[in-house]
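If you count the sequence shown from 1, position 9 lands on 25 in our numbering, and the numbers rise without skipping. Ideal placement from N, C-alpha and C gives every residue a C-beta, glycine not left out. Taking it in order: structure first as C-alpha cells, then the write-up.
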Amino acid sequence: MSNDAKMIEPLSGALTGEIKVPGDKSISHRAVLLSAMAEGTSHLSGVLDSEDVRSSISAVTQLGAKVDLKKCTDGSLEGTVTGWGQAGPVQPESSIDCGNSGTTARLLMGVLAPWPIEVTLTGDDSLRQRPMRRNTAPLMKMGVQFKPAEADRLPITETGCSDIRAITYDAPMASAQLKTAVLLAGVYADGTTTLNEPAPSRNHTELMLPEYGVPTTAGTRVAKVEGPTVMHASDLKVPGDPSSAAFLCAAALLKRGSDVVVRDVSLNSARIGFVRTLERMGANISEHIEGYEGKEPYGTIHVKFTDALRGCEIPSQHFASILDEVPVLAFVAAHARGVTVFRGVSELHNKETDRVKAIIDGLELMGIDAWEEAENLLVEGNPNLQLPCGLVFNSYGDHRIAMTWALAGLCGNTPVQVSDFDCIAVSYPNFIKNIQKLVS
Ligand code: S3P
Numbered sequence: 017m018s019n020d021a022k023m024i025e026p027l028s029g030a031l032t033g034e035i036k037v038p039g040d041k042s043i044s045h046r047a048v049l050l051s052a053m054a055e056g057t058s059h060l061s062g063v064l065d066s067e068d069v070r071s072s073i074s075a076v077t078q079l080g081a082k083v084d085l086k087k088c089t090d091g092s093l094e095g096t097v098t099g100w101g102q103a104g105p106v107q108p109e110s111s112i113d114c115g116n117s118g119t120t121a122r123l124l125m126g127v128l129a130p131w132p133i134e135v136t137l138t139g140d141d142s143l144r145q146r147p148m149r150r151n152t153a154p155l156m157k158m159g160v161q162f163k164p165a166e167a168d169r170l171p172i173t174e175t176g177c178s179d180i181r182a183i184t185y186d187a188p189m190a191s192a193q194l195k196t197a198v199l200l201a202g203v204y205a206d207g208t209t210t211l212n213e214p215a216p217s218r219n220h221t222e223l224m225l226p227e228y229g230v231p232t233t234a235g236t237r238v239a240k241v242e243g244p245t246v247m248h249a250s251d252l253k254v255p256g257d258p259s260s261a262a263f264l265c266a267a268a269l270l271k272r273g274s275d276v277v278v279r280d281v282s283l284n285s286a287r288i289g290f291v292r293t294l295e296r297m298g299a300n301i302s303e304h305i306e307g308y309e310g311k312e313p314y315g316t317i318h319v320k321f322t323d324a325l326r327g328c329e330i331p332s333q334h335f336a337s338i339l340d341e342v343p344v345l346a347f348v349a350a351h352a353r354g355v356t357v358f359r360g361v362s363e364l365h366n367k368e369t370d371r372v373k374a375i376i377d378g379l380e381l382m383g384i385d386a387w388e389e390a391e392n393l394l395v396e397g398n399p400n401l402q403l404p405c406g407l408v409f410n411s412y413g414d415h416r417i418a419m420t421w422a423l424a425g426l427c428g429n430t431p432v433q434v435s436d437f438d439c440i441a442v443s444y445p446n447f448i449k450n451i452q453k454l455v456s
C-alpha cells in the first residue's frame, strides 16, 4: 500500500444545508468530444475540472480542436471549444495518453473512426489493464483498423476509415462507452447505425447528439443515428454529477441529525438508480426535477438522516443505473439490517480497479461480511456497527473506492486512513472540502 495514505477524521457535527456538486463527468467528457467533432465554436459551462475530463481536453487539443476553457470561481470550467468539423482531426505528433480515463479512451475510438489518421491510444497502469475489445470489435465491423487487431488492452493503434459503414450491433453488455463509440462513428456512416443493448445504459450521448444536429433515436434498449451528418456547434450547461452527489447523500443518511439538499444535479433516470435503491432501503431521500438542459433533466436531491435502514435486493436489470454507485451503496448496506444483494455485478471487475474485490476487502476490514456468489455481491449489514481504531483502507488508486472508505472515517466513530487518497482528483477533487462545508 502506498505511503501517502490520508487520515480522515469523524465529522464534528451533522450535515445540514444546500450544496452543489461539480459537473457531471460523463456529460463533461461528451460536451468536450462532441464540440471537438462539430463545425464551429461551442460554448460550454459547468464542465467538471478533474483529471479525467482534462484527459479528454488534452486529447482533442492534440487532434486539432481549439479549447479555451477557464476555471470559474465555483471551480467549474467555462468557455469555448472550436471543433475540427468537416476538415477532420489532424494527425497527432505523438500517442494520446488517456491517463486513468476509460471514457476518454473508449469514446475517442468512435471519434477517430471516420478519419484516415493513425493514432495510438494509451493510458496509466490501471487503464492499460482494462478491456477494449468490446469497442474495437464493432468499430472493426464498420471498417476501422486496430493494431494489434486482436488487442484487448491499450496501447492500441487505430486507423480510421473514410468510407465507414453503418451497422446494426447487438452489444454483449450494457455499456454506454461501447454504445457511444459506435454512435459517434455512425454520425459519418451512410445510413442508420443501430446499437441494441441487453439493458439500458446511460443515454447522455443520445440525448446530446440532436443538440449538435445529428438525427438520433434514443430508445430504452436501442439507440440509432442517421448519417452522414455535419455536426454543428452547440451551447451547453453541464448539470451536477449524481455519482458525486451519492457520496454526500450516503454521508447525510448515516450522520445523525443531517438534512441536506443537493442542487442543480443531473436527475437522468439512468443515473439515479442509487436514489431508488436507497428508498427501498427505507432511506429518507427524494428528488425533484426543476428543469431541463437540452433533454437532460436536473433538479434537487433531498436527503435526511435515517435511523433504520434495511437490506434490499437490486435485480440485475437495474445494475446499469447504479453502476458507479455500487461501492457507496455497499457501504450504506453495511449499516442496514439484513442482507443486501446486488445482482449481476461482474462488470465491476473491469473498472478502475477490481471493485468487487476492493469492496469486499474494505467491508471485511470494517468487520462486515461481504461475499461474491455467482455474479452477485452480498453484504450482511450491522446497524450497530462500531469500527475498531486504526483502520487503514486500500483505495487501490480508484477514486470511488477512496471516497467510499473516506465515509467510514467521516461518518464513523474513529479516524481511518485511506491509501492513495489523491486519486479522488479523477472525479471529485474537493470532496472533503465540500462535505466539511455542510457541517453545522
Ligand atoms: C461511462 C460509462 C460507464 C461508467 C463510467 C462512465 C460513460 O462505463 O462506469 O464511469 O461516461 O459512458 P461502461 O460504459 O463501461 O459501462
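Taking the continuous alpha helix (DSSP H) assigned at residue i, which residues delimit it?
i	result
Glu25	Element bounds for Glu25: n/a, residue is neither H nor E.
Thr236	Segment: none, Thr236 is in no alpha helix (DSSP H) and carries neither H nor E.
Ala266	Pro258 to Leu270
Lys82	Run containing Lys82: none in the alpha helix (DSSP H); it sits in the beta strand (DSSP E), Lys82 to Lys87.
Gln433	First-last for Gln433: Val432 to Val434, but that is the beta strand (DSSP E), not the alpha helix (DSSP H).
Leu60	Looking at the DSSP string, Leu60 is not in any alpha helix (DSSP H); the run it does join, the beta strand (DSSP E), is Thr57 to Val63.
Thr77	Glu67 to Gln78
Ser42	Lys41 to Met53
Val230	No alpha helix (DSSP H) holds Val230; DSSP gives it neither H nor E.
Arg416	His415 to Cys427
Asp377	Arg371 to Leu381
Checking 8 Å against the spacing of the C-beta atoms, do residue i and residue j come in under that value?
i	j	result
Tyr308	Val281	no
Pro445	Gly256	no
Val442	His415	yes
Leu264	Val254	no
Ser259	Lys41	yes
Met53	Val127	yes
Ser11	Gly378	Examination of residue 11 is not possible in this model, given that the chain is present from 17 through 456 alone.
Pro231	Val241	yes
Val348	Glu396	no
Ala205	Gly243	yes
Val372	Glu388	yes
Val48	Val106	no
Leu364	Phe290	no
Asn300	Lys271	no
Ile417	Ala374	yes
Under 7 Å: does the beta carbon of residue i sit that close to some heavy atom of the ligand S3P?
i	result
Ser332	no
His365	no
Ala192	yes
Asp140	no
His415	no
Leu31	no
Asp340	yes
Arg218	yes
Thr119	yes
Thr369	no
Thr196	yes
His45	yes
Ser66	no
Ser285	no
Ser282	no
Ser71	no
Ser42	yes
Please tell me whether, using a cut-off of 7 Å, the distance from the CB of residue i to the nearest non-hydrogen atom of the ligand PLP is below it.
i	result
Ser28	Of the ligands one can find in the structure shown, namely the ligand S3P, none is the ligand PLP.
On a CA-only basis, which of the options is nearest residue i? Give me that one, please.
i	options	result
Ser44	Ala103, Gln107, Ala190 and Leu123	Leu123
Ala286	Val106, Gly229, Ser337 and Cys427	Ser337
Ser302	Leu283, Trp421 and Leu31	Leu283
Glu136	Ser110, Arg144 and Asn116	For clarity, residue 136 is Thr in the given sequence; the question names Glu instead. Answer by Cα proximity: Ser110.
Val69	Cys114, Glu55, His59 and Thr98	Cys114
Leu269	Lys367, Thr196 and Cys427	Cys427
Ser178	Ala422, Gly273, Leu345 and Ala103	Ala103
Gly202	Thr245, Val357, Gly101 and Ala424	Thr245
Ser250	Arg46, Ala21 and Phe335	Arg46
Leu211	Ala352, Ala190 and Leu454	Ala190
Gly139	Tyr185, Ser74, Gly95 and Trp100	Ser74
Ile305	Arg279, Cys328 and Glu295	Arg279
Asp323	Glu312, Gly298, Thr316 and Thr89	Gly298
Glu368	Arg146, Val432 and Ala81	Arg146
Asp65	Glu94, His59, Val76 and Ser411	Glu94
Would you mind reading off the limits of the beta strand (DSSP E) that contains residue i?
i	result
Gln161	Gln161 to Lys163
Lys253	Asp251 to Lys253
Asn392	Asn392 to Glu396
Asn450	Run containing Asn450: none in the beta strand (DSSP E); it sits in the alpha helix (DSSP H), Phe447 to Lys453.
Asp385	Asp385 to Glu389
Return no unless some Cβ of chain C is closer than 8 Å to the Cβ of residue i.
i	result
Asp280	Looking at the structure shown, chain C is missing, and only one protein chain is on hand.
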